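Student: My questions will all concern the structure given below.
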Amino acid sequence: MNTILSKLRGNSVKSEEQAGQSAQNVQEESTLAEEQDSITGDISGMLTIYDESMKSPTDSAKDFPSYEVPCDGGYTTSNNVTFEVISAEVIRDGRSGHVNYTILINPHKEVPRSSQSVVIRRYSDFEHLHHQLRKKFPSLISRISFPRKVLTGNFTSETIAKRSVAFEQYLAHLFSFFEIRYSSEFMEFFVRDEFTIAVSFFLSKEFSNAASHFENTLPVLEKLYGDSHPHVFHCLCGLVVSYMSIDKLPTAHSCAEMALRCSGSADAELVTALILTTIRLCWSLGKDKQDLEKKLQTMSARGVSVHSVKDLHELLQGTFYLRSQNVTQRKDLLPENKYVT
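So the sequence shown is residues 1 to 341, counted in full-length UniProt numbering.
So, in structure tokens, the structure goes:
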């Protein structure tokens, strides 16, 4: 089983190997064809998000002298994000099987990034995305080619290599259209499992688990959309509340500072609640809060009633509840998904 794409992309697929394929192998390939993708729902939609430089205080087995927020706070939206399939792995389950494609999201930032964010998706996930986008953006999707299913040969090096390149081009083409790039369908292709699970843990007040999943979601959202995207801000605020709730105040303060840097397009009431929360954190930690008090005055001058703003936790609960309801309403349209951390 080849797992390295460089091997899969080799141009030396020898004709004599194909010619020597037995009738039994042909039958196996037909049985394992991805038309039967749906019968392996136990592993459908598997998503793994990595960020190698991320340090998580929720991991008690590690020593964390300082917390590194998994977000730059200075990365603006770019039109030059590219997608690279860096590996492909054949997963077999008896006579069923599929291929997991590992996709690297490259934001083309000038300053090299020490972390790499990837997602793992299979053919049925791409196919479902294409189906959803075709219903929502028929005229745009008509211009975009999608790799077709094949009856046999799904697991040959040649087929996997061709599909890997096709999926790279497909995602890049989708990303080039503003309407598709910022659609919920495109975003959820990358982060739906992690973000939904984080929100679920947050709403059920399981804050340690919520923090872990917000951290996994954050690097991918940042690389796709930049630090000013509302979901990036919501993730950071979720980290603030989660770490405050488990008495990790220094970590919560680091997340709050980063959230303020990423609050450019956020709702004024939510930003004000974040400022008030950060002021309380500074008071508890003995940090200077003069700049924050000036920010609060600025919000007041803009017409925000700073003394009647709801608590950050309460505002996030409302925001996340609405999102969870929206996801629930669409659950019948989505394939079965499980995530791996």
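Yeah, the Cβ is synthetic: ideal placement off N, Cα and C, and Gly gets one too. These numbers come from a predicted model, not from an experiment.
When the Cα atoms are used, what is the spatial distance from Tyr321 to Phe178?
Tutor: Going by the C-alpha atoms only, they are around 27 Å apart.
Student: Please report the straight-line C-alpha distance between residue 355 and Phe83, rounded to a whole angstrom.
Tutor: This structure cannot settle anything about residue 355, because the visible part of the chain is limited to 1 through 341.
Student: Using 10 angstroms around the beta-carbon of Pro219, count the other beta-carbons present and answer buried if the total reaches 16, otherwise exposed.
Tutor: It counts as buried.
Student: Quick one: Cα of Thr217 to Cα of Gly226, how far?
Tutor: Between Thr217 and Gly226, the C-alpha separation is close to 13 Å.
Student: Using beta-carbon positions only, say whether Glu185 and Leu129 come within less than 8 Å of one another.
Tutor: Result yes, Cβ atoms of Glu185 and Leu129 sit closer than 8 Å.
Student: So Ala88 is in the beta strand (DSSP E); what residue range does that whole segment cover?
Tutor: First-last of the beta strand (DSSP E) with Ala88: Thr82 to Asp93.
Student: Indicate the three-state DSSP secondary structure (helix, strand or coil) for Tyr182 in the structure shown.
Tutor: Three-state result, Tyr182: coil.
Student: Taking the C-alpha atoms as reference points, what is the distance between Arg181 and Gly286?
Tutor: Spanning the two alpha carbons is a distance of roughly 43 Å.
Student: Let me check understanding here. Comparing Cα to Cα, which of Cys235, Trp283, Leu281 and His307 lies closest to Gln317?
Tutor: Looking at the Cα atoms, Cys235 is the closest of the given residues.
Student: Tell me, which residues are paired with Leu104 by DSSP?
Tutor: Partner(s): Glu84 and Val118.
Student: Under the DSSP definition of a beta bridge, which residues are partnered with Gly97?
Tutor: The partner list for Gly97 (beta bridge, DSSP) reads Arg92.
Student: What would DSSP say about His204, mapped onto helix, strand or coil?
Tutor: Correcting the residue identity first, residue 204 is Ser in this sequence and not His. Three-state DSSP puts Ser204 in coil, outside helix and strand.
Student: Could you say which of Ala161, Leu276 and Ala256 lies nearest to Phe240 if we only look at CA atoms?
Tutor: The question names Phe, but residue 240 is Val in the sequence shown. Taking only the C-alpha atoms, the option nearest Val240 is Ala256.
Student: Grab me the residues of Ala210's own chain with a C-beta within less than 6 Å of its C-beta, minus the 5 sequence neighbours each way, in chain order.
Tutor: Within the same chain, Ala210 has close Cβ partners Ala198, Phe201, Phe202 and Ser242.
Student: Which value, in whole angstroms, describes the spacing of the CA atoms of Glu206 and Ala252?
Tutor: Going from the Cα of Glu206 to the Cα of Ala252 covers about 16 Å.
Student: Here's the rule I'm using: 16 or more other beta-carbon atoms within 10 Å means buried, otherwise exposed. How should Thr298 be labelled?
Tutor: Flag for Thr298 reads exposed.
Student: Is it the case that the Cβ atoms of Lys310 and Ala273 are separated by a distance below 8 Å?
Tutor: Cβ distance < 8 Å, so Lys310 and Ala273 count as in contact.
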